[in-house]
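S.K.: Numbered by the numbering used here, the letters in the sequence shown go through residues 12 to 246 in order.
First the structure, which I've put down as structure tokens, then a few questions once you've had a look.
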Amino acid sequence: MRYLLPLLIVIATLFTSCEKSPMDELEDALPAPGMAAKFLALGDSYTIGEGVLPTERWPMQLSVLLEKEGIQLGEPLYVAKTGWTTGNLLSYLRTVSMPSDYDLVTLQIGVNNQYQNRSLEEFRSELRSLISIATGLANKSAKNVMLLTIPDWGLTPYATGRNTTTITSQINKFNTVILEEGQKASVVVVNVNDLSKMVTSNQGFVAPDGLHYSGAMYGLWAQRALPTAVAIIKE
């Protein structure tokens, strides 16, 4: 059993401005990974659970659920940062040397591409590269990789006063790309977008900042991802 304390990346901002260089303070914010782990979680603020305790992050809750199924992966290794786009994550992964024997690699990214009005073409190209890297890190097997869709932040209190219909429509287009690229790469996609819409009837699913999600919502994501994760590990 190999264990690893997660890379704790707590960023005060909600979405990083596109004016800031993606590599600014990168070395300080993300110590280069290198220690052994079994579960690698790649992404942005949703992966690191902005505004919730480390134990409430969906990857950590998934690891706990897996342990109840007799699958012990330990604590996930997080390579994620609030505000990251696909380009930011891709740039970071290209600067570090990492093991390539993870049993499970998850990837949830794209909300900041949508927020910054970046193109679908750019997103598709960079997502394709990220899936390729994730596959290489997952014992070179696409079957060990799991993609998650982008939640609909347009329904959160933070979006009040904005064109929520446009936000939802844009996110749906990005999620279509995720589904298409996942299928092309033979990578399973777990949909959590529908679960995120539950904030309209239960504000307990929203974090204190009004934008991100609570541990309760992340728990639903973990439960949704569990059957896929079990299948990946036991295959």
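All residues carry an ideal CB built from backbone N, CA and C; glycine is no exception.
Note that the structure is a prediction, hence the values are computed from the model and not measured.
Which partner residues does Asp112 have in the DSSP bridge list?
M.R.: In DSSP, Asp112 forms a bridge with Ala149.
S.K.: Use the C-beta contact count for Ser56: other C-beta atoms within 10 angstroms, 16 or more gives buried, fewer gives exposed.
M.R.: Ser56 comes out buried.
S.K.: What residue does the alpha helix (DSSP H) around Phe216 start on, and which one ends it?
M.R.: Per DSSP, Phe216 belongs to no alpha helix (DSSP H) and is neither H nor E.
S.K.: Taking the beta carbon of Thr167 as the centre, do at least 16 other beta carbons fall within 10 Å, making it buried, or is it exposed?
M.R.: By the 10 Å Cβ count, Thr167 comes out buried.
S.K.: Closer than 7 Å by C-beta to Asp35: which residues in its own chain qualify, once you throw out the five before and the five after it? Chain order, please.
M.R.: Confidence in Asp35 is poor, its pLDDT being 43 and thus under 50, which makes the residue's placement unreliable; the coordinate value appears in the next sentence. Same-chain partners within the cutoff: there are none.
S.K.: Can you name the start and end residues of the alpha helix (DSSP H) that Gly230 belongs to?
M.R.: Element bounds for Gly230: Gly226 to Lys245.
S.K.: With contact counted as at least three CB pairs below 8 Å, one residue from each stretch, are the region 142 to 150 and the region 201 to 221 in contact?
M.R.: The region 142 to 150 vs the region 201 to 221: no contact.
S.K.: Between the region 70 to 82 and the region 103 to 112, do three or more beta carbon pairs fall short of 8 Å?
M.R.: The region 70 to 82 vs the region 103 to 112: no contact.
S.K.: May I have the straight-line CA-CA distance separating Met228 from Pro219, to the nearest angstrom?
M.R.: In a straight line, the C-alpha of Met228 is about 13 Å away from that of Pro219.
S.K.: Once the 5 residues before and after Ala233 are set aside, which same chain residues still bring their CB inside 6 Å of it?
M.R.: Cβ neighbours of Ala233 beyond the five flanking positions: Trp69, Gln72, Leu73 and Leu76.
S.K.: In this structure, does DSSP put Val75 in helix, strand or coil?
M.R.: In this structure, Val75 counts as helix in the three-state DSSP scheme.
S.K.: Are Gln125 and Ile161 touching if we call contact CB-CB under 8 Å?
M.R.: Yes, these two residues count as a Cβ contact at 8 Å.
S.K.: Cα separation between Phe134 and Ile189?
M.R.: Phe134 and Ile189: Cα-Cα distance of roughly 9 Å.
S.K.: Looking only at DSSP bridge pairs, what is Tyr89 linked to?
M.R.: Partner(s): Ala52.
S.K.: With a threshold of 16 other CB atoms inside 10 Å of the CB of Ser225, please say whether the residue is buried or exposed.
M.R.: When all chains shown are included, Ser225 counts as buried.
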